[in-house]
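Protein chains: 2
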Amino acid sequence: MTHVVSAPKSDGLHYLVMRDDIAARIAAGDLQPGDRLPSERRLQDETGLARGTVRAGLFQLEAEGVIYRRDRSGWYVSPPPVIYDPTRWDGFMSYVEAQGRRPTTETLSAEPVTADALLAQVFSRPPGAPLFMIRRRRHVDGRAVLVESIVVDAALAPDLLRFSFDQSLTSILKSEYGLSVARNAVRMQPCALTGHEAEALRLKPGLPGLAVQRTSYDAQGRVVEFDHEHWRHDAVRISVDTRVR
Amino acid sequence: MTHVVSAPKSDGLHYLVMRDDIAARIAAGDLQPGDRLPSERRLQDETGLARGTVRAGLFQLEAEGVIYRRDRSGWYVSPPPVIYDPTRWDGFMSYVEAQGRRPTTETLSAEPVTADALLAQVFSRPPGAPLFMIRRRRHVDGRAVLVESIVVDAALAPDLLRFSFDQSLTSILKSEYGLSVARNAVRMQPCALTGHEAEALRLKPGLPGLAVQRTSYDAQGRVVEFDHEHWRHDAVRISVDTRVR
DNA sequence: CGGACTTATTGGTATAGACCAGTATCGCCG
DNA sequence: CGGCGATACTGGTCTATACCAATAAGTCCG
């Protein structure tokens with residue numbers, strides 16, 4: 041985000057001083073992306089603060105996306121975010137690679153479902169119409185960054201489940217079924233990651249995230265994919281470039 | 041976001057049970073948007089939990105955008121978010137009104153500045169070129185939801201500062217200078233609101249937000265506006281609808 | 001050397017108490 | 001009735017401590 045310097049800002053509040061201290065160490069390069077921070081108890085000793093105060097400072101940095109935690113393992117310096125243009129969908133794998141990062145995909149489930157009221161409306165089908173739902177987890181450099189669930193119309197892509205979804209779904213739809221995307225409707229909302237999503241990303245529930253809902257249409261206006269993505273907030277930066285209509 | 045039900049999810053963790061309890065009261069309509077929650081100490085008595093645990097639950101709901109706080113006044117149920125399409129820029133005032141909400145704008149400052157390296161690049165001008173910077177705070181139904189700082193090329197809009205910016209800047213640029221927007225480049229990133237922004241929104245530093253950077257071009261490709269917006273995360277939902285290129 | 005078990009370490013949750021600094025309210029006074 | 005000041009209340013910060021659960025490291029054994 042062409043980022044501007046954040047002012048030093050030590051109000052005298054202990055947890056903010058602590059925050060600034062760690063942030064400075066990271067900015068100075070003493071701590072590199074992926075490095076582990078000293079343990080909370082060590083920071084406690086170093087600073088003379090109570091552990092709760094130390095944690096308050098760490099939570100600040102976490103909210104800012106500067107550090108993240110691995111449950112009961114430690115706090116780590118965040119790697120830079122991936123840049124993502126949801127309107128310019130050429131596939132997770134290719135754009136992550138284009139940024140010099142290592143993408144991987146895991147299929148969590150792939151199964152036939154029937155349209156509920158919402159899905160029926162999205163796909164312009166009667167309730168109960170056959171659909172496929174695919175849930176995947178995607179990683180960058182080995183860190184889980186998003187979970188998604190994609191719904192595809194079974195009528196447009198019969199027998200879809202015989203494929204492996206660890207590769208690009210978009211290219212399967214294109215090469216095997218002649219479906220290509222002409223228009224996307226995207227909705228995004230900062231959210232908290234809870235329940236399934238937090239679990240799948242191995243995050244503490246309640247951590248901030250970004251919810252992205254994408255509906256992809258082909259040239260005939262048919263819905264090709266209906267996709268819900270939940271990103272960890274520190275892993276992604278959205279970039280959209282469009283003409284005004 | 042066509043929202044799905046969130047599972048009840050009481051793990052037995054006290055602060056999550058507490059979270060679910062309040063969430064249920066809100067979902068049931070016992071607590072309406074804008075209502076004040078019982079005080080932390082009252083919740084403490086009601087639930088028998090320690091105050092820290094009560095607060096942990098409240099922080100969860102805050103991260104989810106369900107409630108928000110007014111410093112030392114109390115916790116309140118969040119009003120629904122505003123839907124915002126940054127590529128479809130017809131002005132804050134009009135689209136907020138179109139959603140049946142009451143928008144207001146406050147000008148925090150409006151002054152001439154000179155281009156630093158970044159701005160020089162954005163505007164394709166030499167460093168030191170004259171620009172105008174306008175900082176505004178915008179409200180929905182009386183609640184401050186975003187601060188923005190807009191930079192405009194002084195060469196394209198001479199004497200801009202004689203206008204009042206409590207109304208639409210877009211329409212000033214159009215009617216007074218014949219500048220209209222043909223293309224937007226938008227970048228968005230979940231962020232933490234700190235320093236100036238948190239202060240301007242009267243928020244505790246570190247609360248989640250959404251940073252939006254918009255560069256608007258006219259038909260000749262000249263930069264009309266360069267805009268940084270910082271939204272409180274619970275106040276906005278992004279919606280983008282575009283053709284694939 | 002490889003695998004299984006034990007142990008130390010780490011973050012996660014929870015309690016109880018204290019004091020501070022703004023906010024809101026109420027009652028007094030002019 | 002209107003303005004002002006005292007006061008109760010509210011969230012904000014901070015300390016200290018305790019125990020739990022998952023991870024990571026170290027050790028022992030086959």
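Residue numbers (the working numbering), protein chains in the order written: chain A, 41 to 285; chain B, 41 to 285. Beta carbons are placed, not taken as given, at the ideal position from N, Cα and C, and that holds for glycine.
For residue i, the first and last residue of its enclosing beta strand (DSSP E)
i: T147 of chain B; result: 143-154
i: D70 of chain B; result: Per DSSP, D70 of chain B belongs to no beta strand (DSSP E) and is neither H nor E.
i: D267 of chain A; result: 263-272
i: L193 of chain A; result: The sequence as given places Asp at residue 193 of chain A; Leu does not occur at that position. 183-193 is the span of the beta strand (DSSP E), which, as asked, contains D193 of chain A.
i: S256 of chain B; result: 247-257
Closer than 7 Å to chain A by CB, residue i
i: G246 of chain B; result: yes
i: E265 of chain B; result: no
i: G52 of chain B; result: no
i: V226 of chain B; result: yes
i: M41 of chain B; result: Here M41 of chain B scores only 48 on pLDDT, less than 50, and its place in the model is too uncertain to base an answer on.
i: Q100 of chain B; result: yes
i: D60 of chain B; result: no
i: L250 of chain B; result: yes
i: D125 of chain B; result: no
i: D85 of chain B; result: no
Alpha-carbon to alpha-carbon, residue j and residue i
i: V44 of chain B; j: V106 of chain B; result: Confidence is the limiting factor: at V44 of chain B the pLDDT is only 39, short of 50, which leaves the residue's position unreliable and the question unanswerable from this model.
i: P120 of chain B; j: F266 of chain B; result: 28 Å
i: L101 of chain A; j: F99 of chain B; result: 16 Å
i: V264 of chain A; j: L71 of chain B; result: 40 Å
i: T144 of chain B; j: G52 of chain B; result: 44 Å
i: S149 of chain B; j: G92 of chain B; result: 39 Å
i: G24 of chain B; j: E216 of chain A; result: The question about residue 24 of chain B has no answer, for chain B in this structure spans 41 to 285.
i: L159 of chain A; j: S256 of chain A; result: 14 Å
i: L83 of chain B; j: G114 of chain B; result: 12 Å
i: C155 of chain A; j: P78 of chain A; result: Note that residue 155 of chain A corresponds to Ala in the displayed sequence, not to Cys. Each residue's alpha carbon lies about 50 Å from the other.
i: R285 of chain A; j: M173 of chain B; result: Model confidence at R285 of chain A stands at a pLDDT of 48, short of 50, so the residue's coordinates are unreliable; what they give is reported in the following sentence. The alpha-carbon atoms of R285 of chain A and M173 of chain B are separated by roughly 27 Å.
i: S208 of chain B; j: A238 of chain B; result: 24 Å
i: R112 of chain B; j: H236 of chain A; result: 34 Å
i: C231 of chain B; j: P230 of chain A; result: 10 Å
i: R178 of chain B; j: V185 of chain B; result: 6 Å
i: P167 of chain B; j: G69 of chain A; result: 29 Å
i: P73 of chain B; j: L241 of chain B; result: 19 Å
i: R142 of chain B; j: A275 of chain B; result: 13 Å
i: V117 of chain B; j: G249 of chain B; result: 18 Å
i: I66 of chain B; j: V162 of chain B; result: 46 Å
i: E146 of chain A; j: L201 of chain A; result: 15 Å
i: D85 of chain B; j: A96 of chain B; result: 16 Å
i: A103 of chain A; j: I123 of chain A; result: 19 Å
i: D61 of chain B; j: R76 of chain B; result: 15 Å
i: V192 of chain B; j: Y135 of chain B; result: 22 Å
i: L233 of chain A; j: R262 of chain B; result: 40 Å
i: Q260 of chain B; j: E269 of chain A; result: 36 Å
Interface flag, residue i vs chain B, CB-CB below 7 Å
i: I278 of chain A; result: yes
i: P230 of chain A; result: yes
i: H273 of chain A; result: yes
i: E104 of chain A; result: yes
i: D75 of chain A; result: no
i: D281 of chain A; result: yes
Spatial neighbours of residue i in its chain, beta-carbon cut-off 7 Å, leaving aside the 5 residues before and after
i: L89 of chain B; result: H54, M58
i: L213 of chain A; result: A197, L219, V264
i: P170 of chain B; result: P152, T154, A194
i: D258 of chain B; result: L219, S220, V221, A222, V264
i: E137 of chain A; result: P143
Same chain, Cβ closer than 6 Å to residue i, five either side skipped, listed in chain order
i: G182 of chain A; result: none
i: R175 of chain B; result: L148, S149, S189
i: R109 of chain B; result: W115
Limits of the alpha helix (DSSP H) - the one that residue i falls within
i: L209 of chain B; result: 209-217
i: G235 of chain A; result: 235-240
Residues near residue i in its chain [Cβ-Cβ closer than 8 Å; skip 5 each side]
i: S211 of chain A; result: G131
i: S46 of chain B; result: Confidence at S46 of chain B is low in this model, with a pLDDT of 37, below 50, so the placement of that residue should be treated as unreliable; the coordinate-derived value is given next. Counting only Cβ-Cβ distances below 8 Å, and skipping sequence neighbours, we find A63.
i: P126 of chain B; result: N224, V226, M228, V252, R254, I278, V280
i: A157 of chain B; result: P167
i: H273 of chain B; result: G105, P230, L247, P248, G249, L250
Task: Length-filtered (4 minimum) alpha helix (DSSP H) runs lying within the stretch 84-171 of chain B - done: 91-103, 132-138, 157-163
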